[in-house]
Structure formats: structure tokens, C-alpha cells
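Residue numbers (this note's numbering): 1 to 232.
Don't be surprised by glycine CBs; every beta carbon is placed ideally from N, CA and C.
Bear in mind the structure is a predicted one, so any value in this text is a computation, not a measurement.
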Amino acid sequence: MIFPRRGWTSRGFNELSKVSDILVNGDYCWTIDWVEQFPGLEDGPMFRSERDQADGIIWRDKEGVSRKLSCNQVWKNLNFFGPKVPWFRLVWFNNNIPMNAFILWMAILGKLKTQDRVKSWELNGNLLCPFCSNVCDSHDHLFFSCEYSMQIWKHFHNKMGIIFILDNWNDLVNKFCNLVKGKSIVVLIRKLVLAGCVAHLWRETNARLFRNLNRNWQEVVSFIEHEIKVEK
Ligand SMILES: [Zn+2]
């Protein structure tokens, strides 16, 4: 409920007025026209007036608990962020490259426009994986099971000493979730590798589909490694 300034100054209040100025013997003394203008005003929560205590601003959170007002508290209450996902550390960290983070985020959510998703409205044309041309691409194929992608993962897994026994793209994401706890340089490199691999696999897909450019997997690896060295 917001009172316009003109409304309260015309009734003798000013910027220095206190909550206690509207209380008489512990009860509100709202003006009649305010009560008519703002239904429910008299039923609002009762402030507690304590002598010798300065006025303060309290925020009642969505659970009904009164807390000291803070931007952080208000922001959390006004925005529903949902439960924390287990992979948030993979995507959101300081040194990540923004475009790589965005592509990884979309890939984890399964929202990239892989050909299995566009085939419902693209009835004609080549819908085969641009790497192997064996099957229609999908998140799982493109980022995990395609031989081209597998070579890149194997290269980095060998370098990072990670045992590579996984079944699909989701397994790969879950595996990385367990490998990125803490803030060591090793953890940072693992996160940069994951985001770099996914982003460059996606870029390579688009380069092949739309620009007729082909790089072998070793060239993609070199590019990812160069990017990680610069970022470190
Ligand atoms: Zn393929």
C-alpha cells in the first residue's frame, strides 16, 4: 500500500513523521477518507510501538517472518529461482567465457536446435550428423556418442586422468558435477574444458552445416586448449 506524498503532507505528516504519530493508545487513528480509499487498512498488521527505540524498516518475507530489510532478502522473495540445480557450478563461474557458458547451459537443458528437434518442421534436406553422417544428430549424439566428439572427450579425459566409462550425455554432465568441487586450478581447468568442448562442438556443427567449413577433431582440440591457456 503506497500513500502519495500529497496525501500525507496535507494531513500534517512530513518526512520526519514516525509510525507512533499514527498511533493513539496503541491503536491506529487513520483518517476516514484513507480508510475508505484503502480497504483493509484498519486490518493491516499492527506495529509495535516501543519507547526509546528508533523506527526501523522491517521486511516480512514470504514465510511471514519479519526480518531486517535488505535488498538481498527482497530480491529473493520477489524472484522465484527454483531449486538449485546440481550442475550450476559447471556453467556459472567467474572465469568462464560467456558464450561458452551460454552454449553449455543450453546444451544441459537440451535446448539447442539439434536436428532431432528441428526435423518436425524441416521435412526436407540433410538431417544427418554433420560429423559422421550416420544418424540424425541429437544432444546425446552430438555431445557424447558421435565418434568425432568421443575422440575429443577421450583426449581431455586422458589428459585430466579421468576414467571414461559413461553411457550418455547426461552421464557426462553428472560425472563433471562430481569433478568440480572446490576452487583449485584443476577444478577450473575441468570446467573450462567442459564448456570449451561443448561450445566448440556446437560451433563446428554449425560451421559444417551453414558455412561448409570442416575441421578435424585435433584442430578443435588445439583451439580449445589455446582458449583455456589464454583464460587461465
Ligand atoms: Zn555423428
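Review point. By DSSP, does Cys-71 sit in helix, in strand, or in coil?
Key: Note: Cys-71 maps to helix in three-state DSSP.
Point to revise | Rounded straight-line distance, which links the Cα of Met-106 to that of Asn-25 | key: Cα-Cα distance, rounded: 60 angstroms.
Review point. Is Leu-23 close to chain B, meaning its C-beta is less than 8 angstroms from at least one C-beta of that chain?
Key: Among the chains of the structure shown, chain B does not appear; only one protein chain is present.
**Study point:** Exposed unless 16 or more other CB atoms sit within 10 angstroms - verdict on Gly-196
**Key:** By the C-beta density criterion, Gly-196 is buried, having at least 16 other C-beta atoms within 10 angstroms.
Review point. What's the C-alpha gap between Gly-182 and Ser-138?
Key: The alpha-carbon separation between Gly-182 and Ser-138 amounts to approximately 32 angstroms.
**Study point:** Member of Ser-222, Ile-57 and Asn-95 whose CA lies at the smallest distance from the CA of Gln-73
**Key:** Closest option to Gln-73, Cα to Cα, is Ile-57.
Exercise for review: Leaving aside the five residues before and after Ile-108 along the sequence, list all residues of the same chain whose C-beta is less than 8 angstroms from its C-beta, in chain order.
Suggested key: Correct list, in chain order: Trp-87, Leu-90, Val-91 and Val-173.
Check your understanding: Along the chain, where does the alpha helix (DSSP H) that runs through Trp-185 open and close?
Key -> Correcting the residue identity first, residue 185 is Ile in this sequence and not Trp. Following the DSSP letters along the chain, one finds Ile-185 inside the alpha helix (DSSP H) bounded by residues 185 to 210.
Exercise for review: Compute every distance between the C-beta of Val-155 and the non-hydrogen atoms of ligand 1, then say whether any falls below 7 angstroms.
Suggested key: A quick correction: the sequence has His, not Val, at residue 155. His-155: no, Cβ never under 7 angstroms from ligand 1.
Point to revise | Among Trp-59, Phe-164 and Leu-213, nearest to Leu-69 - alpha-carbon criterion | key: Here the closest residue by C-alpha is Trp-59.
Check your understanding: From this set, Arg-190, Thr-114, Asn-206 and Arg-203, which residue's C-alpha is nearest Glu-153's C-alpha?
Key -> The residue asked about is misnamed: residue 153 is Trp in this sequence, not Glu. The residue with the shortest Cα to Cα distance from Trp-153 is Arg-190.
Point to revise | Local conformation of Ile-57 per DSSP, three classes | key: Looking at Ile-57 - three-state DSSP - the assignment turns out to be coil, as it is neither helix nor strand.
Point to revise | Nearest candidate by alpha-carbon position, reference Trp-202, set Lys-113, Gly-12, Leu-23 and Trp-75 | key: The shortest C-alpha to C-alpha distance from Trp-202 to any of Lys-113, Gly-12, Leu-23 and Trp-75 is the one to Lys-113.
Check your understanding: How many Å lie between Leu-213 and Val-186 at the Cα?
Key -> When rounded, the distance between both Cα atoms is 33 angstroms.
Check your understanding: Nearest CA to the CA of Gly-7: which residue from Asp-21, Thr-31 and Asp-27?
Key -> Comparing Cα positions, the closest option is Thr-31.
Point to revise | For Trp-75 and Arg-211, the rounded distance between their alpha carbons | key: Distance between the alpha carbons of Arg-211 and Trp-75 is about 44 angstroms.
Check your understanding: Between which two residues does the alpha helix (DSSP H) carrying Thr-31 extend?
Key -> Per DSSP, Thr-31 belongs to no alpha helix (DSSP H) and is neither H nor E.
Check your understanding: Cβ of Asp-140 versus every heavy atom of ligand 1: is any distance shorter than 7 angstroms?
Key -> Checking the Cβ of Asp-140 against ligand 1 gives no.
Check your understanding: Do you know offhand how far Ile-163's Cα is from Gly-82's?
Key -> Approximately 33 angstroms, taken between the alpha carbons.
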